[in-house]
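Visitor: Got a structure for you, questions after.
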Amino acid sequence: MTLVEHIYELRRRLAIALLAVAIGTALGFFWYTAYPFGLPSLGQILTEPYCALPPENRVQLGGGQECRLVAFGVFEQFTLRLKVAATAGVLMSSPIWFAQLWGFITPGLYAKEKRFAYTFVTVAVVLFTAGAVLAYYVVTQALQFLFTVGGDIQTTVLRGSDYFSLLIALLVIFGVSFELPLLVVMLNRVGIVSYAQLSSWRRGLIFGLFVFAALATPGQDPISMLALGVSLVLLLEVSIQVARVHDKRAARRRLEQGWDGLDPDQPSPLDDRLGSSTPAPAPAPRIEPLPPPSQAPDRGSDGSTDRWDAT
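Numbered according to my numbering, the sequence shown spans residues 4 to 314.
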């Protein structure tokens, strides 16, 4: 394809991806208050961590026990609903826009690179989902601490925009942070870092991860910070052990192929990778000088001695 054809192809795939996100956003806007097929609404799923708090720790509106957030602006409810719907639309349409992105990239990849990309993407999706799920359950404990730290002196009236911003930020931060082991394994596979380096850096990395958790969590509560920090340390240890296994296999493979422990005075076994061995070269034959003939040498007309005839 020419450059112009590539641009047209990219434009077509971007249009399909944006259309899928728009449809997903419309479905999310409808699902915000609807209960399709008997499932809970999107708003109910997102407010569940807040509504799980005891009634005495949150403000009750409407004279009943209903769990509601508050809004202080005229357009705040509409803006918040549209924001949540757009986030849900991006997530629900991710298989479509990712397929379009993959379809644009994959013609330029080899078969081995495609298999490697499939594994990379699958592990990345699993890790992001695991981080988001952990954040969803951590929010309840974090809110429990934040809403009870003032005791009976004060209570918190939580705005819907503030709550959803906190929840979405935690979901994204936990999900992206859980990609750490995948990054470490990738750096180890391409030879940038080794198991020995990671093992020597372990204490510094653990300290850095807890500092990152303290700075990255938007709630600044000890529960979410500890949950993120401990999770990242465990994932780091798993990635270090994976690097350890990979380096052992690589060292054993190099030893079997003869690349390690080579004699600098001998030729390297380049053919060992193909399963054949290169025999050592035989010593060069020694050249013995020819003995002179027994008869006296002939002299030329000029009195000089003729050369010996080797034949």
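Yeah, the Cβ is synthetic: ideal placement off N, Cα and C, and Gly gets one too.
1) Indicate whether the contact test is met: 3 or more Cβ pairs, each with one atom in the segment 195-205 and one in the segment 154-173, closer than 8 Å.
2) Could you have a look at Val-77 and say whether DSSP puts it in helix, strand or coil?
3) Look at the alpha carbon of Lys-251 and the alpha carbon of Leu-49, and state the distance between them as a whole number of angstroms.
4) Taking its Cβ as the centre, do 16 or more other Cβ atoms sit within 10 Å of Leu-6, making it buried, or is it exposed?
5) State buried or exposed for Thr-28, treating a residue as buried only when at least 16 other CB atoms are found within 10 Å of its CB.
6) What would DSSP say about Arg-206, mapped onto helix, strand or coil?
7) Considering only C-alpha positions, which residue in the set Arg-247, Thr-132, Asn-60 is nearest to Gln-200?
8) Assuming contact is defined by CB atoms lying nearer than 9 Å, are Phe-167 and Lys-86 in contact in what I supplied?
9) First and last residue of the alpha helix (DSSP H) that includes Ser-164?
10) In angstroms with no decimal places, state the Cα-to-Cα distance between Tyr-53 and Leu-174.
11) Pick out the complete alpha helix (DSSP H) segments inside the segment 210-248, 4 residues or longer, and give them in chain order.
12) How is Leu-56 classed by DSSP in three states: helix, strand or coil?
13) Three or more C-beta pairs under 8 Å: does that hold for the segment 11-24 against the segment 85-103?
14) Please report the straight-line C-alpha distance between Ser-97 and Leu-258, rounded to a whole angstrom.
15) Tell me the residue span of the alpha helix (DSSP H) that contains Ala-37.
16) Does the beta-carbon of Arg-256 have 16 or more other beta-carbons within 10 angstroms, so that it is buried, or is it exposed?
17) Can you tell me the Cβ-Cβ gap for Ile-176 and Ala-217, rounded? I've got them flagged as a contact below 8 Å.
18) Could you check how far apart the C-beta atoms of Val-188 and Ser-234 are, in whole angstroms? I think they sit under 8 Å.
19) Measuring alpha carbon to alpha carbon, tell me which of Tyr-11, Ala-145, Ser-44, Met-228 ends up nearest Ala-91.
20) Taking Cβ to Cβ, would you say Leu-13 is nearer than 9 Å to Phe-107?
21) Taking DSSP as the reference, what is the three-state secondary structure of Thr-5?
22) Please classify Asp-155: does DSSP put it in a helix, a strand, or coil?
23) On the DSSP letters alone, give me the boundaries of the alpha helix (DSSP H) that Pro-43 sits inside.
24) Would you please state the rounded distance, in angstroms, between the beta carbons of Leu-231 and Pro-184? I believe it to be under 8 Å.
25) May I have the straight-line CA-CA distance separating Ile-10 from Leu-83, to the nearest angstrom?
26) If contacts are defined as beta-carbon pairs under 8 Å, then Ser-180 and Gly-211 qualify, I think. What distance do you get, rounded to the angstrom?
27) Find the nearest neighbour of Leu-146 within the set Val-129, Thr-132, Val-128, Asp-165, judged by alpha-carbon distance.
Guide: From the atom records:
1) no
2) In the sequence shown, residue 77 corresponds to position 74, counting from 1. Correct three-state label for Val-77: coil.
3) In the sequence shown, counting from the first residue as 1, residue 251 sits at position 248. In the sequence shown, counting from the first residue as 1, residue 49 sits at position 46. If I take the Cα positions, the gap works out to 46 Å.
4) Start at 1 with the first residue of the sequence shown, and residue 6 comes out as number 3. Counting Cβ neighbours within 10 Å, Leu-6 comes out exposed, since fewer than 16 surround it.
5) Locating residue 28 in the sequence shown gives position 25, where the first residue counts as 1. The residue in question, Thr-28, is buried, as its Cβ has 16 or more Cβ neighbours within 10 Å.
6) For this step, residue 206 is matched to residue 203 along the sequence shown. Helix at Arg-206.
7) Residue 200 sits at position 197 when you count from the first residue of the sequence shown. Gln-200 has its Cα closest to that of Arg-247, out of Arg-247, Thr-132, Asn-60.
8) Mapped onto the sequence shown, residue 167 falls at position 164. Mapped onto the sequence shown, residue 86 falls at position 83. Against a cut-off of 9 Å, the Cβ pair of Lys-86 and Phe-167 comes out as a contact.
9) The residue you call residue 164 lines up with position 161 of the sequence shown. Ser-164 -> alpha helix (DSSP H) spans 163-180.
10) One-based indexing of the sequence shown puts residue 53 at position 50. One-based indexing of the sequence shown puts residue 174 at position 171. Roughly 15 Å separates the two Cα atoms.
11) none
12) Here residue 56 refers to the residue found at position 53 of the sequence shown. Coil, per DSSP.
13) yes
14) For the purposes of this step, residue 97 is taken as residue 94 along the sequence shown, with counting starting at 1. For the purposes of this step, residue 258 is taken as residue 255 along the sequence shown, with counting starting at 1. Each residue's Cα considered, the two are about 45 Å apart.
15) The residue labelled residue 37 in the question sits at position 34 within the sequence shown. No alpha helix (DSSP H) contains Ala-37, which DSSP labels as neither H nor E.
16) Taking the sequence shown and counting its residues from 1, one reaches residue 256 at position 253. Its Cβ having fewer than 16 others within 10 Å, Arg-256 is exposed.
17) Locating residue 176 in the sequence shown gives position 173, counting from the first residue. Locating residue 217 in the sequence shown gives position 214, counting from the first residue. Not quite, the Cβ-Cβ distance comes to about 12 Å (not below 8 Å), so this is no contact.
18) Translated into the one-based positions of the sequence shown, residue 188 becomes position 185. Translated into the one-based positions of the sequence shown, residue 234 becomes position 231. About 17 Å separates the two Cβ atoms, so there is no contact after all.
19) Position 88 of the sequence shown, counting from 1, holds the residue named residue 91. Among Tyr-11, Ala-145, Ser-44, Met-228, the Cα nearest to that of Ala-91 is on Ser-44.
20) Translated into the one-based positions of the sequence shown, residue 13 becomes position 10. Translated into the one-based positions of the sequence shown, residue 107 becomes position 104. Yes, Cβ-Cβ distance for Leu-13 and Phe-107 is below 9 Å.
21) Within the sequence shown, the letter at position 2 stands for residue 5. The answer is coil: DSSP assigns Thr-5 none of H, G, I, E or B.
22) Your numbering for residue 155 matches position 152 in the sequence shown. Residue state, collapsed to three classes: coil.
23) Within the sequence shown, residue 43 is the residue found at index 40, counting from 1. Where Pro-43 is concerned, there is no enclosing alpha helix (DSSP H), given that its DSSP letter is neither H nor E.
24) Taking the first residue of the sequence shown as position 1, residue 231 is located at position 228. Taking the first residue of the sequence shown as position 1, residue 184 is located at position 181. With a Cβ gap of about 14 Å, Leu-231 and Pro-184 do not count as contacting.
25) In the sequence shown, residue 10 corresponds to position 7, counting from 1. In the sequence shown, residue 83 corresponds to position 80, counting from 1. Their backbone Cα atoms lie some 36 Å apart in a straight line.
26) Along the sequence shown, one-based indexing puts residue 180 at 177. Along the sequence shown, one-based indexing puts residue 211 at 208. Not confirmed; about 12 Å, so no contact.
27) Within the sequence shown, the letter at position 143 stands for residue 146. Comparing Cα positions, the closest option is Asp-165.
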